[in-house]
Structures are given as structure tokens and as C-alpha cells.
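The structure appears right after this line, and notes come after that.
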Amino acid sequence: MKRRDVLLAVVGLLLVWQVAAWLVNRIILPGPVLVGRVFFDELIRGELVINFLASLGRVAAGTALAVMAAWPAGLMLGQSKRLDRIFAPVIYLLYPIPKVVLLPVVVLFFGIGDAPKVVMIFLILFFQILVLVRDQAATIRPELLMSVRSLGAGRRALFRFVYLPASLPGILTALRQSVGTAVAVLYVAELFATRLGLGYYIYLQGSTLVNYPAMYAGVLAMSLLGLSLYFVVDWLEKRFCRWQQP
Amino acid sequence: MIQVESLTFAYGHSTPIFSGFDWTVQSGEAWAVLGQSGCGKSTLLSLLAGLAQPSAGRILVEGKPLTRPRPYTGLIIQDYGLLPWATVRENVELGLRVRRFYGPDDIHTPLEFKPAPVDPWLERLGLSEIADRYPGRISGGQRQRTAIARTLVLQPDLLLMDEPFSSLDAPTREGLQNLMLELWAEQKLTLVIVTHTIEEAAVLGQKILVLGERPNTHPLIIDNPGAARPDFRSTDEYLVMCRELRQKLQATL
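Residue numbers (this note's numbering), protein chains in the order written: chain E, 3 to 248; chain P, 48 to 300.
Written out as C-alpha cells, the structure is:
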């Protein structure tokens, strides 16, 4: 996608927003100029930055833990038909559960700090990465493995030179598919028992302080968080999966 | 170089592919293994590569029983076996990287192995121009050249090839067959190539092993001394050999 096209889309969306604000003409929908001004004011004041960093930290920690746990687990299941036969029914049952419903349970077990938010993101990403990596590892052609084994590769070298790089696109696809959901669930998670994070900030500004421009600035910051994560995945794909690009 | 002694091999409880099969390959020979689909050609190659183990009997390479892939045996397969995420250069370097990964342990990497640079091989096989391309963006012939370079950079003494040229068009196939004969002579390799094509067996095999219906108990061997000559393809001897191979192959059915 060209940068110019993305920029044009941004301008288009801002125009639609502005027109909608004119048409609605109520304080519950301030225009992009006002929200933009408040957004930068809040940035300078540091309020938005602190909450943005809190949310970013939770997403980063949850994602890192999910990748670290699901990547090797998915590779093991993909390599071992016996292990997969044992765990496939469990994954089949757990995978479709909308993880957001587990939030109260997670809060009960992990308390009110950062932990439950990180755990929620972990749960969402873990299953997605596990399933995609497992499937990708299972579809590696036996001829490829045979040929690399003939070069002297044992189990460890196969892991390093075949399974790990082969599963990288699966991880990035999983992240691309789930990063939006993860940020959405983070918003819900940050409504619970916390005083930090963009979810809390949006809720506080909208429901308690009735400062709608600041609430929209928070929504904008949360959107930027999701978008920037999406861009990071895009960059990683361009950097590490060049062979898949047209 | 290779001694196959009383080899028996079967998949599960099916009819054995080999039963009490004996066969010997001398160092520096070029062998073609010819047979119909399902006769056990590729299985024989897997056994020689140490990727499968006999149900009974044994295989010796350079006097040592073969229990696992041997560092000095190269294997080239029909679908190239290249890593799709690695460039041509990275694929050619793969065997060297695997050896660096383990270090000289005398299992995966021979103790006395001195890695050679890959550039001369890229040059020799006409791959320098495409060294930074991915396998998905080069032709079948170039992919097979990459697989050959990747194997030869490890300085093998035994090269096993499983239908390496069967998915290539005729001119590319002939070019690579000639190249293999050049490399075989130049590198003093022992070559065993599995094929179902009579013409390929006649061109590449100075000795041809014809496999028949299961179980194979005795080797049917045909001498073909003219095979390595560059003009062999256009001689009457070649046509006579093809006819003989066709008759032998039909007789095995």
C-alpha cells in the first residue's frame, strides 16, 4: 500500500468526521480540530502519554509472553502427531471461547494491578499463535525435512533452520489478526480497578468528568496504539518475510 | 564404497521391497537405478542416505555400517528441498551453517572438515547473478542447480540423486545431465541416480541397476561403459542401450 493512499484515507476519514460533527451539532460529537487540539494539550500535560505508555506496556508484555509460550508449544504440537492428538481436543474446546468473558475470573485470580490485563492479552494471543504455528509446522513438506537432514541437520538444527523460520509468518499473521481484539479487550480490562491506562482515561473523561473532547482524544490515542502495533507487524513482515512478498 | 548385504526392508507389514538383497558400488562409479514407480528406487536411496534403516541386513559405506546420515554423502531430490525463505546464496550456505551450528563433533560435522567458500560454486553453476533471489522466483533448472551447489559445497564423496531432473523441460534436463557428468568426473564422485526414465539411465549410468516387482532379491545389473562420453547421446550404442533397458524393464513386470 502506498503512503500517499494511506494519507488520503486519513484526510477522507477526518472530513467525514467533521461533516458528521456539523450535522449532529452536539457536544457528544466534537469535530476533529477541537479533539486534535485537546489531544496535543493532553500530550503536553503528560496525562495522555502516561496512560498511553501504561497501555502499551501491558500490550507489549502480554504479546511477548504469548509469543514466547505459544511459539515453542505450537512447534512441538506441529512436529509431534502424538502430542497433537492429545492436545488437539483441548485446544478445539478452548480456542473459540471469547476470552473477554474470562476477565472477571482473571481479575479474581490475578488481582487489580497490571497482571490481569497482561494475562487477558496473553490469553487472546496465545491460542491464535499456537494454532497458526502448529498448522504451519505440520504442513512443512517431508521432502524439505529429508533434504535438510541429509545436510547433517539433527533435531536441533531442524528446529533452528526449518521450523523456526517456517513458523514466523504464522506468528505475524496471528498478531495481525489478534492485535485489534487485544487492544479492544485491553480497553475493557482497563475499566476494572485501575487508575492508569487508556481505557481508564477514556472512561474517566467520558463518564466522570464529562469532558468529551478529552474522551475522544483518549479514543484517538487508543486507535493510534492499535494502528501502531499493526504497523509494527507490517514492518516485521516486510523485514523478515521478504520471500512472501510479490 | 557401498556394500549392501542381505538387505531386507518393508514398510509395516506389506510385502518387503528388498529381501536378502546384495549389491556393491565401487568408489568413483556412476550408477543409475531404474525401475517402475513403487519398485523401491527411492527407498533404496533413503537407505543409502541413512534416512531409513534396514529391517534386516546392513549397508556399509567406506567399510562402516550406516546408521544415520553420513556427512560425506550428498542427497539431491526431485523437488529440490530448498528453504523457500532463504535466498539462493543462503540455501547454498545452509549445509555449512548446519556444520557451524554443531561444530566439529564427528557426527554432524567431520572433525577434519575445512569449509570452502560458496562463491566459486555459485559461479561454477551459473548462480552468481541470481544469488540474492528466493527459490520461488527462479526457474526449476536454477533451483536444481542451487540444490547441486548446496550439496557439492560440503565436499561429498558420494552423491545420491532421486529423480532430480524429472520435473524439468527437455533442454534444461539435458543441460543438467551433462553438468552432472562433468561434476562427477571433476570431483571424483561416486554417483547413484534414481530415475524412471530409460534415456536418463542410459546417459548417466555407467552401470545400471534395474529393480523389478517386490521383493527385489537379486540385483539385475547392466554395464553401460559409454555413458560418460559427451557425445554418447547421439551414438548407436546409446539407442541399443535404451532398447535393451526397455526390454529388461518390461521383463520385470
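Glycine included, each C-beta is placed from N, C-alpha and C at the ideal position.
Remember, predicted model here, so these are calculated numbers, not experimental data.
Chain-ordered neighbours of residue i on chain E, where CB pairs are closer than 7 Å
i	result
L122 (chain P)	S149 and S152
P14 (chain P)	Only positions 48 to 300 of chain P appear in the structure, and residue 14 (chain P) is not among them; the question remains open.
P116 (chain P)	R151, S152 and G154
Chain E residues whose Cβ lies nearer than 8 Å to that of residue i
i	result
P131 (chain P)	W245
G142 (chain P)	L153 and G154
N181 (chain P)	Here the sequence assigns Tyr to residue 181 (chain P), which means Asn is not the residue at that position. Those are R244 and W245, listed as they occur along chain E.
Residue i versus residue j - alpha carbon distance
i	j	result
L36 (chain E)	P98 (chain E)	41 Å
R197 (chain E)	I46 (chain E)	20 Å
S209 (chain E)	F194 (chain E)	14 Å
R197 (chain P)	E140 (chain P)	7 Å
P288 (chain P)	R190 (chain P)	Correcting the residue identity first, residue 288 (chain P) is Met in this sequence and not Pro. Roughly 30 Å separates the two Cα atoms.
N263 (chain P)	E229 (chain P)	32 Å
E176 (chain P)	I126 (chain E)	45 Å
A191 (chain E)	L94 (chain P)	58 Å
I269 (chain P)	E284 (chain P)	13 Å
D166 (chain P)	R136 (chain P)	9 Å
V235 (chain E)	P32 (chain E)	32 Å
R261 (chain P)	S102 (chain P)	15 Å
P167 (chain E)	L110 (chain E)	38 Å
I173 (chain E)	K4 (chain E)	24 Å
Y119 (chain P)	F68 (chain P)	24 Å
R178 (chain E)	L267 (chain P)	58 Å
V76 (chain P)	T141 (chain E)	Correcting the residue identity first, residue 76 (chain P) is Glu in this sequence and not Val. E76 (chain P) and T141 (chain E): Cα-Cα distance of roughly 37 Å.
L129 (chain P)	Q73 (chain P)	30 Å
G85 (chain P)	T299 (chain P)	13 Å
G220 (chain E)	Q207 (chain E)	8 Å
F233 (chain E)	E239 (chain E)	10 Å
Whole-number beta carbon distance between residue j and residue i, since they are thought to touch under 8 Å
i	j	result
L81 (chain P)	F65 (chain P)	16 Å between Cβ atoms; not a contact.
R293 (chain P)	I245 (chain P)	6 Å
A90 (chain E)	I131 (chain E)	Rounded, the Cβ-Cβ distance is 16 Å, inconsistent with contact.
R146 (chain P)	G154 (chain E)	6 Å
L258 (chain P)	K88 (chain P)	6 Å
V187 (chain E)	K101 (chain E)	7 Å
I185 (chain P)	I123 (chain P)	16 Å between Cβ atoms; not a contact.
V1 (chain E)	V164 (chain E)	Any answer about residue 1 (chain E) is impossible in this case: the structure gives chain E only from 3 up to 248.
Chain P residues whose Cβ lies nearer than 7 Å to that of residue i
i	result
R162 (chain E)	F148
L146 (chain E)	G128
C-beta atoms of residue i and residue j nearer than 7 Å
i	j	result
L200 (chain E)	M224 (chain E)	yes
L236 (chain P)	L207 (chain P)	no
A99 (chain P)	P116 (chain P)	no
W70 (chain P)	V51 (chain P)	yes
L169 (chain P)	A178 (chain P)	yes
L227 (chain E)	S82 (chain E)	no
G188 (chain P)	L226 (chain P)	no
Q224 (chain P)	V241 (chain P)	no
A274 (chain P)	Q297 (chain P)	no
V135 (chain E)	W73 (chain E)	yes
C203 (chain P)	G121 (chain P)	Looking at the sequence shown, residue 203 (chain P) is not Cys but Pro. Taking 7 Å as the Cβ cut-off, P203 (chain P) and G121 (chain P) qualify as a contacting pair.
W245 (chain E)	P131 (chain P)	yes
V120 (chain E)	R39 (chain E)	no
P34 (chain E)	L10 (chain E)	no
L219 (chain P)	N138 (chain P)	For the record, residue 219 (chain P) in the displayed sequence is Thr; it is not Leu. No. Outside cutoff.
N53 (chain E)	Y203 (chain E)	yes
Partners in chain P for residue i, counting only beta-carbon separations shorter than 9 Å
i	result
E239 (chain E)	By Cβ distance, chain P contributes nothing, its closest Cβ being about 12 Å from E239 (chain E), past 9 Å.
Listed by chain order, chain P residues near residue i by CB distance under 8 Å
i	result
E44 (chain E)	Result: empty, since nearest Cβ-Cβ is about 43 Å, beyond 8 Å.
A159 (chain E)	V145, F148, Y149 and H155
Partner residues on chain E for residue i, Cβ-Cβ distance less than 9 Å
i	result
P218 (chain P)	Result: empty, since nearest Cβ-Cβ is about 25 Å, beyond 9 Å.
> Of all the residues that make up the stretch 81 to 110 of chain P, which are near chain E by a beta-carbon distance shorter than 7 Å?
Replying inline: If the cut-off is 7 Å between Cβ atoms, the stretch 81 to 110 of chain P has A96 and L98 near chain E.
>> To be precise: take each residue of the stretch 162 to 181 of chain E, compare its Cβ to all Cβ atoms of chain P, and keep it if any distance is under 9 Å. Which residues remain?
In response: Within the stretch 162 to 181 of chain E, the qualifying residues are R162, F163, V164, P167, A168, L170 and P171.
> Between the stretch 196 to 208 of chain P and chain E, which residues of the former have a C-beta closer than 9 Å to a C-beta of the latter?
Replying inline: Along the stretch 196 to 208 of chain P, the positions whose C-beta sits under 9 Å from a C-beta of chain E are R197, T198, L201 and L207, read in chain order.
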